[in-house]
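Residue numbers (the working numbering): 29 to 268. Comments concern the structure below.
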Amino acid sequence: MIKENLRRLLKNASKIFNYSSNLETKEILYFQAFLNLLPEKHDFYPFGGSANSSLLYFLGRFLKEFRGLNIVELGMGQTTMLLNIFVDNQANHFSIDDNEFWIDSVKSKLINPDQSQLIFRNLTEVEVSKNKTLFYQDFESIFENKIVDLVIVDGPKGTKKFSRCGILPFLVKRFSDQDDMLVIFDDTHRKPELETFHLLIKMLKNENHWNDQYKIKYINAMKSQACLIKGKKFLSANYY
29 MIKENLRRLL
39 KNASKIFNYS
49 SNLETKEILY
59 FQAFLNLLPE
69 KHDFYPFGGS
79 ANSSLLYFLG
89 RFLKEFRGLN
99 IVELGMGQTT
109 MLLNIFVDNQ
119 ANHFSIDDNE
129 FWIDSVKSKL
139 INPDQSQLIF
149 RNLTEVEVSK
159 NKTLFYQDFE
169 SIFENKIVDL
179 VIVDGPKGTK
189 KFSRCGILPF
199 LVKRFSDQDD
209 MLVIFDDTHR
219 KPELETFHLL
229 IKMLKNENHW
239 NDQYKIKYIN
249 AMKSQACLIK
259 GKKFLSANYY
């Protein structure tokens, strides 16, 4: 009995090790592919603990392929710097955060600081599907009368349940009103962020907005992302 339990323990440990090793390998491969997307001369050197290689690679490919984008980014950091490198290809880049000190810090690192709109918003309590959470005050007024092509959800600070779900009413409305849009949720290796992504899909289905125009994409390396793509315009992103 002891030998059998030990065998099972070793087998499970081996699976965990192999899975972790596979993610590390994917992280390295994504990073090498990402470097090939950057301009020959650049000053962008991502560091650990922030956006990981799979997210940077996905965004890099998207920014290289499409032009005239209106991009909304929740939370600032490495992705803000990457988006700013390709800002000439964008119509608008709005980045929102609730920490004024952090906004100033990120802005000081931008290559084109005047071409990205870094916006401060206080947090206010909202309720989404019976879940109380904090979200950016007067968020929707920033984008009034503007098409939104890409939304990156990496803020505000995560919570223990349905993390960052304050963005969902905005996304449901935009997905229902627009023919083409893409949203990417970062940190979906964590259950609360993945819960929110699944809740978005549920809300779209409950309101009869769901159809075959939607594609779901999951990306996995040392961190994970989940994407929802609507329409033909950005369909190629499903195959990155």
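A virtual CB, placed ideally from N, CA and C, is assigned to each residue, including glycine.
Under the three-state reduction of DSSP output, H121 falls in the strand class. When DSSP states are grouped into helix, strand and coil, Q106 belongs to the helix group. For the set S144, T108, L151, the Cα lying nearest the Cα of N127 is the one of L151.
Shown here for E55: same chain residues with a beta carbon closer than 8 Å to its own, the five before and five after excluded, namely N80, S81, S82, A249, M250 in chain order. Classified as exposed, S204 has fewer than 16 neighbouring CB atoms from the shown chains inside 10 Å of its CB. If you check the CB distance, V211 and L196 do not come in under 8 Å. CA-to-CA, the gap between I124 and D240 works out to about 31 Å. Residue burial is scored here from C-beta neighbours: Y246 has fewer than 16 other C-beta atoms within 10 angstroms and is therefore classed as exposed.
Non-local C-beta neighbours of K188 in its own chain, meaning closer than 8 Å and more than five positions away in sequence, comprise P220, ordered along the chain. Counting only runs of at least 3 residues, the stretch 134-168 fully encloses the following beta strand (DSSP E) elements, listed from N- to C-terminal order: 145-148, 151-156, 159-164. Around the beta carbon of N173, fewer than 16 other beta carbons sit within 10 angstroms, so the residue counts as exposed. Check the Cα spacing between F122 and each of L66, L111, D208, N234: the tightest is with L111. With respect to the 8 Å criterion, F129 and N159 are not classified as neighbours on the basis of their beta carbons. Distance check between G186 and each of D214, S144, I139, N236 places D214 closest, using alpha-carbon atoms only. Considered as a whole, the stretch 63-102 harbours 81-93 as its complete alpha helix (DSSP H) runs of no fewer than 4 residues, in chain order.
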